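Asker: Before I ask anything, let me first share the structure, which is written out below as structure tokens.
There are 2 protein chains.
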Amino acid sequence: MSENKIPYKIYLSEDEMPHTWYNLRADMKNKPAPLLNPGTLQPMTAQELEGVFCSELVKQELDDQTAYFEIPREIRDFYKMYRPSPLVRAYCLEEKLQTPAHIYYKFEGNNTSGSHKLNSAIAQAYYAKQQGLKGVTTETGAGQWGTALSMACGYLGLDCRVFMVKCSYEQKPFRREVMKVYGSSVTPSPSETTNVGRKILAEFPGTSGSLGCAISEAVETAVSTPGYRYVLGSVLNQVLLHQSVIGLEAKTAMDKYGVKPDVIIGCAGGGSNLGGLIAPFMGEKLRGEADYRFIAVEPASCPSFTRGEYRYDFCDTGKVCPLSKMYTLGSGFMPSSDHAGGLRFHGMSSVLSQLYADGLMEAVSVKQTEVFEAAEYFARVEGILPAPESSHAILAAVNEAKRCRETGEEKTILFGLTGTGYFDLVAYEKFHDGVMSNYVPTDEEIARSLAQLPVVE
Amino acid sequence: MSENKIPYKIYLSEDEMPHTWYNLRADMKNKPAPLLNPGTLQPMTAQELEGVFCSELVKQELDDQTAYFEIPREIRDFYKMYRPSPLVRAYCLEEKLQTPAHIYYKFEGNNTSGSHKLNSAIAQAYYAKQQGLKGVTTETGAGQWGTALSMACGYLGLDCRVFMVKCSYEQKPFRREVMKVYGSSVTPSPSETTNVGRKILAEFPGTSGSLGCAISEAVETAVSTPGYRYVLGSVLNQVLLHQSVIGLEAKTAMDKYGVKPDVIIGCAGGGSNLGGLIAPFMGEKLRGEADYRFIAVEPASCPSFTRGEYRYDFCDTGKVCPLSKMYTLGSGFMPSSDHAGGLRFHGMSSVLSQLYADGLMEAVSVKQTEVFEAAEYFARVEGILPAPESSHAILAAVNEAKRCRETGEEKTILFGLTGTGYFDLVAYEKFHDGVMSNYVPTDEEIARSLAQLPVVE
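Chains as they are written, first to last, in the numbering used here: chain A, 39 to 495; chain B, 39 to 495.
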């Protein structure tokens with residue numbers, strides 16, 4: 039089919055939407071390292087994990103052999119309410135940049151949660167419901183994951199208890215209110231409702247909380263409340279599995295028009311969006327069927343890929359979670375108050391970490407004000423106000439397209455536009471007012487944080 | 039095609055998107071009454087109107103004979119960035135309500151302005167640009183129109199000066215910030231920058247402003263600044279013309295699947311969304327080709343159709359605008375601080391007013407807390423957090439579907455879901471906290487306001 043016929047937005051029909059998730063691990067020669075029990079330093083067993091997670095999700099977490107998992111009909115029906123998400127040809131951006139590059143983005147923000155997080159939220163809530171559970175607990179930082187999970191639980195009639203990082207709880211009352219619309223209870227973290235919360239409050243009175251701390255509280259609540267399990271919106275293998283729907287849809291849409299991306303770009307916090315977007319493309323690369331460049335974009339304020347170490351670490355501050363082998367800045371690392379809350383995590387998905395360690399993927403880090411410049415530019419040209427997280431990918435894509443302008447290369451660029459910035463306007467205001475920081479941690483800070491980690495052979 | 043094959047969301051292809059707007063007035067036997075010069079009480083001439091509006095828009099405003107206006111290619115290209123909007127089959131809502139009715143909604147909220155307003159904003163900005171103007175002025179209440187116009191002007195590189203009702207300016211800093219992202223200047227109204235603003239401030243120190251007052255300031259600025267014109271987001275004939283893209287898309291999508299709505303429902307403030315949604319269907323009714331029921335839903339706090347009078351009135355508080363014949367509560371009517379800011383206008387489109395006077399359309403008014411109950415119900419079932427304005431239509435559609443449950447009728451209901459409620463969470467919070475008012479004006483209040491109006495024979 040001729041390139042001329044490519045519309046501004048490609049929507050798959052319902053029939054073309056994926057019926058299975060794709061498990062990238064099945065095609066990896068070097069499998070991601072297993073989760074370890076922090077007490078015994080032995081790989082976590084299914085039984086151990088089932089105290090925290092739903093059984094079906096534990097299966098998905100541990101299975102690195104099965105390539106495809108069927109998406110249950112109920113989840114596919116829910117997907118149909120807000121998916122397929124459009125694959126957008128950025129004609130206006132290309133013209134404005136005067137680049138010969140062809141730019142596409144997969145836009146995951148057109149739903150009330152405002153991001154891709156809903157793809158895994160509905161899956162995790164569904165399996166909890168199937169198992170006959172009463173409810174789930176989780177943490178949320180910027181609030182996108184908490185909102186997504188609230189929507190999924192509200193739909194299924196499942197109780198949802200969200201621990202929201204205290205500074206976000208106070209600064210983002212609107213996110214909190216959306217969760218309440220969907221019937222969730224939202225507790226500022228650290229709180230007096232858990233042992234770990236009380237301990238942290240005693241140690242650091244007046245603390246405004248952290249994602250790692252909220253995770254600890256949510257896990258403690260789940261394991262100590264009958265009929266409850268914990269769910270997590272990123273980092274885990276199961277989450278990347280569910281998010282593969284992004285990449286599968288994108289690839290089907292591109293295949294339909296005979297388009298092959300040369301470079302695929304995504305922002306990377308815990309890795310859920312990037313892992314989902316690249317999955318089927320990386321699968322082809324691993325199987326030797328095609329080649330692509332992959333670029334992870336992270337904030338310079340929290341650069342786990344580009345400045346962290348590949349080793350075992352805790353996912354949470356309270357050290358109640360299993361150890362995961364990943365690129366990490368150390369679980370004690372306190373990222374500066376960067377406005378891309380979704381990228382402010384010290385570690386990275388173990389799947390992506392292994393791919394990066396094997397040289398299958400590149401990573402770059404970018405500064406906050408440059409990200410917001412790209413965000414505003416994009417908003418004016420493409421008409422979508424992007425989330426700060428997503429704008430990391432925009433910046434890298436624009437830079438790539440500018441290079442093409444210089445070299446004259448007609449590259450095809452695909453990037454993930456994970457969400458909208460409607461709840462991030464305080465950040466935009468700071469950017470306009472010229473009071474946005476560009477803090478980058480020193481080598482000493484990172485070394486100090488990494489020195490605290492357990493040594494695991 | 040079988041009903042079973044109707045997907046959750048119907049997206050037209052780019053080829054199927056309308057190439058023309060439809061001018062409902064061409065098919066009306068009783069034409070809407072002309073705008074009058076408030077000094078001479080004679081119909082406004084094109085020349086008089088061109089001091090305020092762009093020439094091309096004046097043509098559209100005055101033309102009640104031409105049925106179709108071609109949509110310029112540049113506007114169609116802009117439409118492709120965020121349109122077609124989906125026509126959604128509300129399967130989940132139908133199931134939850136256990137109704138035999140088939141419910142469809144045309145969802146206009148999936149763009150950064152958050153509403154249908156962008157459809158007319160880009161058209162008005164385009165014609166201003168074509169005429170070689172430097173910029174445009176406008177007013178905004180809730181902020182949706184101001185945001186939409188800012189996006190359109192940002193895209194075209196046109197200066198945009200927005201007068202924002204002061205209480206909204208203060209209560210909705212995020213809306214204000216989005217407009218700034220798109221490069222607009224935003225002034226709280228009443229302001230010291232205009233004669234009418236200074237006069238109102240002297241008369242009512244500390245006033246928090248009103249839409250009618252902001253209109254006066256925007257008009258004054260436009261007529262007194264070389265290279266500027268005024269643009270308006272609702273009420274006018276030209277706006278209804280541009281908004282016909284909503285109804286045209288909806289009808290094409292329904293025709294494609296052989297579906298014919300029995301009843302078409304929309305919220306009504308100034309009438310831009312309702313007028314656009316019903317246009318092609320009402321056209322068929324006027325030409326005797328088909329029959330439909332049309333229902334306008336307005337807030338009980340500002341009930342121009344159901345409790346106003348059909349007569350000439352000013353559109354603004356400062357009385358600088360032409361007189362329009364419409365259902366009105368009186369231009370001095372001060373609606374209570376209902377949270378559906380977009381529906382808080384004392385008058386109504388003259389096109390819709392004439393249709394209502396001729397018995398071609400019905401109207402109902404609904405109370406605020408009932409609207410929010412419907413909004414929250416809808417959010418949980420259909421996954422979209424609706425704007426308060428749109429939720430008026432949701433409530434009426436749900437009520438209609440419930441009646442079908444009782445009678446067993448398999449009616450097909452179409453309603454307009456004009457926008458999202460991401461910037462309305464203060465209202466949702468008030469609803470949750472049980473402090474939302476249900477104020478309804480007394481007969482005396484309305485009579486007093488109407489008694490102030492000029493008598494026009």
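Beta carbons are placed, not taken as given, at the ideal position from N, Cα and C, and that holds for glycine. Quick caveat: nothing in here was measured; it's all calculated off a predicted structure.
In chain A, which residues lie with their C-beta within 8 Å of the C-beta of asparagine 149 of chain B?
Answerer: In chain order: Gly421, Ile422.
Asker: Rounding to the nearest angstrom, what Cα-Cα distance links lysine 67 of chain A and phenylalanine 212 of chain B in this structure?
Answerer: In a straight line, the C-alpha of lysine 67 of chain A is about 48 Å away from that of phenylalanine 212 of chain B.
Asker: Pull up the distance between the alpha-carbon of leucine 279 of chain A and that of alanine 434 of chain A, whole angstroms please.
Answerer: Distance between the alpha carbons of leucine 279 of chain A and alanine 434 of chain A is about 25 Å.
Asker: Measuring straight from C-alpha to C-alpha, what distance separates threonine 178 of chain B and arginine 199 of chain B?
Answerer: So the two alpha carbons sit approximately 10 Å from each other.
Asker: Taking 8 Å as the CB-CB limit, is aspartate 101 of chain A close to chain B?
Answerer: Taking Cβ atoms only, chain B never reaches closer than 8 Å to aspartate 101 of chain A, which makes this a no.
Asker: Does the separation of the CB atoms of threonine 137 of chain B and aspartate 300 of chain B fall below 8 Å?
Answerer: Not closer than 8 Å, so no.
Asker: Out of curiosity, what's the CA-to-CA distance linking alanine 186 of chain A and glycine 304 of chain A?
Answerer: If you take the alpha carbons of alanine 186 of chain A and glycine 304 of chain A, they lie about 20 Å apart.
Asker: Ordered along the chain, which non-local residues of its own chain (more than five positions away) have a Cβ less than 8 Å from that of glutamate 408 of chain B?
Answerer: Counting only Cβ-Cβ distances below 8 Å, and skipping sequence neighbours, we find Leu433.
Asker: Just by C-beta distance, which residues in the stretch 209-232 of chain B are closer than 9 Å to chain A?
Answerer: Listed by position, the residues of the stretch 209-232 of chain B near chain A (Cβ gap below 9 Å) are Pro211, Phe212, Arg213, Arg214, Glu215, Val216, Lys218, Val219, Tyr220, Gly221.
Asker: In the structure shown, what three-state DSSP assignment does methionine 364 of chain B receive?
Answerer: Strand at methionine 364 of chain B.
Asker: Contact defined as beta carbons within less than 8 Å: I believe glutamine 306 of chain A pairs with phenylalanine 343 of chain A. What is the distance between those atoms, to the nearest angstrom?
Answerer: Sequence check: residue 306 of chain A is alanine here, not glutamine. Yes, alanine 306 of chain A and phenylalanine 343 of chain A are in contact; Cβ-Cβ is about 7 Å, under 8 Å.
Asker: Which partner residues does methionine 520 of chain A have in the DSSP bridge list?
Answerer: Only positions 39 to 495 of chain A appear in this structure, which leaves residue 520 of chain A out of reach.
Asker: What would DSSP say about glutamate 504 of chain B, mapped onto helix, strand or coil?
Answerer: No statement about residue 504 of chain B is possible, as the shown extent of chain B runs from 39 to 495 and does not include it.
Asker: I want to verify the contact list: residues of chain A whose CB lies under 9 Å from the CB of tyrosine 460 of chain B, in sequence order.
Answerer: Simply Thr150, Gly152, Phe212, Val216, Thr458, Tyr460, Phe461.
Asker: Per DSSP, glutamate 347 of chain B is paired with what?
Answerer: DSSP, once it has assigned bridges, lists B:Thr366 as partnering glutamate 347 of chain B.
Asker: Please say whether proline 228 of chain B and cysteine 205 of chain B have beta carbons closer to each other than 8 Å?
Answerer: Not closer than 8 Å, so no.
Asker: Would you call the stretch 340-357 of chain A in contact with the stretch 143-151 of chain A, where contact means no fewer than 3 C-beta pairs closer than 8 Å?
Answerer: With the cut-off at 8 Å, the stretch 340-357 of chain A and the stretch 143-151 of chain A do not touch.
Asker: Report the CB separation of serine 153 of chain B from glycine 457 of chain B in whole angstroms; it is logged as a contact under 8 Å.
Answerer: Going by Cβ atoms, the distance from serine 153 of chain B to glycine 457 of chain B rounds to 3 Å, so yes, they are a contact pair.
Asker: So with CB distances below 7 Å, who are the chain A contacts of tyrosine 120 of chain B?
Answerer: By Cβ distance, chain A contributes Gly421.
Asker: Can you name the residues of chain B whose CB is closer than 7 Å to the CB of methionine 130 of chain A?
Answerer: Inspection of the sequence shows that residue 130 of chain A is occupied by cysteine rather than by methionine. Result: Met119.
Asker: With a cut-off of 8 Å, do at least 3 Cβ pairs link the stretch 127-142 of chain A to the stretch 233-252 of chain A?
Answerer: They do not touch, by the three-pair rule.
Asker: Grab the span of the beta strand (DSSP E) containing leucine 125 of chain B for me, first residue to last.
Answerer: It spans 125-127 - the beta strand (DSSP E) in which leucine 125 of chain B sits, taken as one unbroken run.
Asker: Going along the chain, which residues of the stretch 397-422 of chain B sit with their C-beta nearer than 9 Å to a C-beta in chain A?
Answerer: Result list: Ala413, Glu414, Ala417, Arg418, Val419, Glu420, Gly421, Ile422.
Asker: Identify, in the order they occur along the chain, each residue of the same chain with its Cβ nearer than 7 Å to the Cβ of alanine 163 of chain A, setting aside the five sequence neighbours on each side.
Answerer: Val174, Leu187, Ala190, Cys191, Leu194, Leu196.
Asker: Taking the alpha carbon of asparagine 157 of chain A as the point to measure from, which residue in A:Gln281, A:Tyr477, A:Gly379 has its own alpha carbon closest?
Answerer: Comparing Cα-Cα distances from asparagine 157 of chain A to each of A:Gln281, A:Tyr477, A:Gly379, the minimum goes to A:Gln281.
Asker: Whose C-beta lies closer than 6 Å to the C-beta of methionine 39 of chain A among residues of the same chain, with five residues either side of it excluded?
Answerer: Unreliable placement is indicated for methionine 39 of chain A, whose pLDDT of 39 sits below 50; no coordinate value is reported for it.
Asker: Spell out a yes or no on whether the stretch 324-342 of chain A and the stretch 70-83 of chain A are touching, meaning 3 or more CB-CB pairs, one atom from each, closer than 8 Å.
Answerer: With a cut-off of 8 Å, the stretch 70-83 of chain A and the stretch 324-342 of chain A do not count as touching, because too few Cβ pairs lie within range.
Asker: According to DSSP, is methionine 39 of chain A part of a helix, a strand, or is it coil?
Answerer: For methionine 39 of chain A, the pLDDT reaches just 39, beneath the cut-off of 50, and the residue's location in the model is therefore unreliable, although a value from the coordinates is still provided. It is coil, neither helix nor strand.
Asker: Cα-Cα, which of B:Thr263, B:Thr58, B:Val126 is closest to glycine 89 of chain B?
Answerer: Among B:Thr263, B:Thr58, B:Val126, the Cα nearest to that of glycine 89 of chain B is on B:Thr263.
Asker: With H, G and I counted as helix, E and B as strand and the rest as coil, what does DSSP make of serine 45 of chain A?
Answerer: It is worth fixing the name first, because residue 45 of chain A is proline in this sequence and not serine. Proline 45 of chain A: coil per DSSP, three-state reduction.
Asker: In three-state DSSP terms, what is threonine 185 of chain B?
Answerer: Threonine 185 of chain B falls in the helix class under three-state DSSP.
Asker: Is methionine 189 of chain B close to chain A, meaning its C-beta is less than 8 Å from at least one C-beta of that chain?
Answerer: Yes, methionine 189 of chain B lies at the interface with chain A (some Cβ there is under 8 Å from its Cβ).
Asker: Given that histidine 470 of chain A touches chain B, what residues does it touch there, using C-beta distances under 7 Å?
Answerer: The answer, in chain order, is Lys218.
Asker: Which chain A residues sit within Cβ distance under 7 Å of glutamate 467 of chain B?
Answerer: Result: Glu215.
Asker: Throw me the rounded Cβ distance for the serine 487 of chain A and glycine 370 of chain A pair, which I believe falls under 8 Å.
Answerer: Yes, serine 487 of chain A and glycine 370 of chain A are in contact; Cβ-Cβ is about 5 Å, under 8 Å.
Asker: Counting contacts by CB-CB distance shorter than 8 Å, is glycine 181 of chain B in contact with chain A?
Answerer: No, no contact with chain A.
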